[in-house]
Amino acid sequence: MTRTAAPAKTVLISGASIAGPALAYWLHRYGFVPTVVERAPVLRTGGYKVDIRGTAIEVCRRMGVLDEIRARSTDMRGGSYVDDEGRTVGEMPAEIFGGRAEGDDEIMRGELARILYERTREDVEYVFGDSVATLAEDADGVDVTFESGGRRRFDLVVGADGMHSHTRRLVFGDERRFTRHLGAYISIFTAPNHLGLDRWETYHASPGRLACVYSSAGETDAKNLFVFAPAAELSYDHRDVAAQKRLLADAFADGRWELPRLMRHAADAGDFYFDSVALVEMDRWSKGRVVLLGDAAHCASPASGQGTGLALLGAYTLAGELAAAGGDHRAAFAAYERVMRPGVERNQRMAEGFVKEMTVDRRWKIALRMFMVRTLPRTPWRNLIAKKIRDEIQAAAHAVPVTEYGLPAGARTAA
Ligand SMILES: Cc1cc2nc3c(=O)[nH]c(=O)nc-3n(C[C@H](O)[C@H](O)[C@H](O)COP(=O)(O)OP(=O)(O)OC[C@H]3O[C@@H](n4cnc5c(N)ncnc54)[C@H](O)[C@@H]3O)c2cc1C
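Using numbering that gives the first Met the number 0, the letters of the sequence shown correspond one by one to residues 0 to 414.
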């Protein structure tokens, strides 16, 4: 029996990064009418490189964006660890550094956000520079007021507004109930490529801290990434960038290698990104007509390397389940969670281990790691170790299935 097209339901999506535009793409194809509201005045294009692996690659293929993602690959060749004086301790190819497998993709987060936005902007209404102020649900829909003063009504609302989700706060309550801090902070910004790196990343580790500078294909500047684990949790306003720059400078104040110079770059950076490394853990991702997606529902932290893949898979699954349930949001939200949750939890567990490795706390442990980095390329079991890292990452990257939903009769076909 051929299913008929789902009734044209209106869906408000909060957040135009990765999850939001990807969901808008699939909803539009299934005959829904999505509107995306983004707090930033324009598309946010900052960020580090992100991986697209495992089943998320298939989602990109089905969205028709895989070729463009590949054309904009970071094309990283590998990386090295340096000591306090900047001497190379050891080098590794990209496969070992990133657990990369044949066919995996890596792209700058901002490039991916732009590709998804371009893919959807003609079919989807985007509202930049605004945010949901209140949500009031009744039996048939949700009345929404916006900070700009506007009022509208939607059938469903999706919070795709990241780890610090405003939608989650409005509907589920205080952020602290759902985020589990993993003891570290991350900062990323762009600066001149004064080390002259070419598709290469350079790491420097000190107790509780890791710094990384790299430059990817087609980039004239370098990206700078810092992870640090202070003795106690920091208290700061996540909208106060000046305060965050001070926290980073304090954490790396006595840093060796290029750190004094990198901290001067941080002070001038226009795209400074700072956040705690945390997991979002919730018993349920939906309440009534409101559902969470991507980092808002289940942030696996940047340490997992899977946040973007999970956001893409979640968007595909949520839209597919809504279409399969003929728009019955209760059945669809429950099925979306059943499909996603085991894979999400597996990736979150992996992230916890990675954070500890990034912020090794003792000098002797760092010395041991440097010894391994130096000797690994010459050891006969080099390939075995590379395989072990790759297998763990690949298993997690395949943990969420790509369910076959099929397009209902009358659905819009891909452009
Ligand atoms: C600027 C930026 C840089 C990032 N850099 C990295 C990185 O280098 N490495 C990494 O692993 N991950 C990074 N991330 C996170 C990464 O994009 C996510 O982990 C992952 O891609 C899942 O995406 P998401 O769409 O669920 O959430 P996010 O990418 O966090 O996107 C959430 C979106 O919601 C918007 N938003 C927030 N509040 C509101 C509101 N009240 N109303 C409307 N919109 C709102 C935000 O501006 C943002 O566009 C970055 C995110 C951003 C926004």
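We put the CB at the ideal spot given by N, CA and C, even for glycine.
Span separating the alpha-carbon of residue i from that of residue j
i      : j      : result
Arg329 : Ala228 : 41 Å
Ala323 : Ala331 : 8 Å
Gly293 : Ala314 : 8 Å
Arg337 : Gly195 : 47 Å
Arg2   : Lys8   : At Arg2 the pLDDT is 48, less than 50, meaning the model places this residue with poor confidence; the figure from the coordinates comes in the next sentence. If I take the Cα positions, the gap works out to 16 Å.
Asp390 : Thr119 : 34 Å
Leu367 : Arg373 : 10 Å
Glu140 : Leu155 : According to the sequence displayed, residue 140 carries Gly and not Glu. Their backbone Cα atoms lie some 7 Å apart in a straight line.
Asp103 : Asp197 : 20 Å
Ala414 : Leu65  : Any reading at Ala414 is ruled out, since the residue's pLDDT is 44, under 50, leaving its predicted position unreliable.
Thr144 : Val88  : 56 Å
Ala4   : Leu321 : Unreliable placement is indicated for Ala4, whose pLDDT of 44 sits below 50; the coordinate value is still reported in the next sentence. If you take the alpha carbons of Ala4 and Leu321, they lie about 11 Å apart.
Gly182 : His27  : 40 Å
Gly405 : Met349 : 32 Å
Leu375 : Ser164 : 42 Å
Val123 : Asp274 : 30 Å
Pro92  : Val49  : 17 Å
Ala265 : Phe225 : 11 Å
Tyr272 : His203 : 20 Å
Ala396 : Trp25  : 21 Å
Met0   : Glu37  : Any reading at Met0 is ruled out, since the residue's pLDDT is 37, under 50, leaving its predicted position unreliable.
Thr54  : Asp253 : 43 Å
Arg362 : Glu146 : 50 Å
Sub-8 Å separation of residue i and residue j beta-carbons
i      : j      : result
Tyr335 : Thr316 : yes
Ala221 : Pro259 : no
Leu261 : Ala210 : yes
Asn223 : Ile185 : no
Arg52  : Gln347 : no
Thr219 : Val212 : no
Ala398 : Gly342 : yes
Phe153 : Leu11  : yes
Ser299 : Ala159 : According to the sequence displayed, residue 299 carries Ala and not Ser. Going by C-beta atoms, Ala299 is not nearer than 8 Å to Ala159.
Glu57  : Val401 : yes
Thr166 : Ser13  : yes
Met75  : Ser303 : no
Ser205 : Arg255 : yes
Ser16  : Ala138 : no
Trp199 : Gly30  : no
Met357 : Tyr80  : no
Leu22  : Val157 : yes
His297 : Glu232 : no
Any non-hydrogen atom of ligand 1 closer than 7 Å to residue i Cβ
i      : result
Pro301 : yes
Arg179 : no
Gly405 : no
Ala132 : no
Ala366 : no
Tyr272 : yes
His165 : yes
Met281 : no
Ile56  : no
Thr307 : yes
Asp103 : no
Glu351 : no
Glu37  : yes
Tyr47  : yes
Ile187 : yes
Ile17  : yes
Asp294 : yes
Gly195 : no
Ser214 : no
Ala310 : yes
When the options are compared against residue i, the one with the closest alpha-carbon
i      : options                        : result
Ala135 : Gly287, Pro341, Gln393         : Gly287
Arg150 : Ser275, Ser130, Lys387         : Ser130
Tyr125 : Met369, Thr178, Val32          : Val32
Ile106 : Glu84, Tyr47, Asp154, Ser79    : Tyr47
Gly148 : Gly128, Met369, Asp160, His165 : Gly128
Met162 : Leu312, Pro301, Gly352, Arg76  : Pro301
Glu67  : Leu115, Glu84, Glu121, Thr144  : Leu115
Arg108 : Ala138, Ser79, Thr73           : Thr73
Phe353 : Ala21, Val276, Ala296, Arg245  : Val276
Ala418 : Phe177, Glu90, Arg69, Thr133   : Past the boundaries of the shown model lies residue 418; the chain is included only from 0 to 414, so the question cannot be answered.
Arg60  : Leu311, Pro379, Arg255         : Leu311
Met62  : Pro20, Arg245, Arg238          : Pro20
Val170 : Ala132, Gly207, Trp199         : Ala132
Glu90  : Ala55, Asp360, Arg381, Met281  : Arg381
Thr34  : Ala333, Glu121, Arg86, Asp83   : Glu121
Gly172 : Ser285, Gly319, Lys364         : Ser285
Paired residues, beta bridge with residue i - DSSP
i      : result
Trp199 : Gly77, Ser214
Lys222 : Thr189, Tyr213
Ile106 : Val49
CB contact below 8 Å: residue i versus chain D
i      : result
Met162 : Chain labels in this structure do not include chain D; a single protein chain is all it has.
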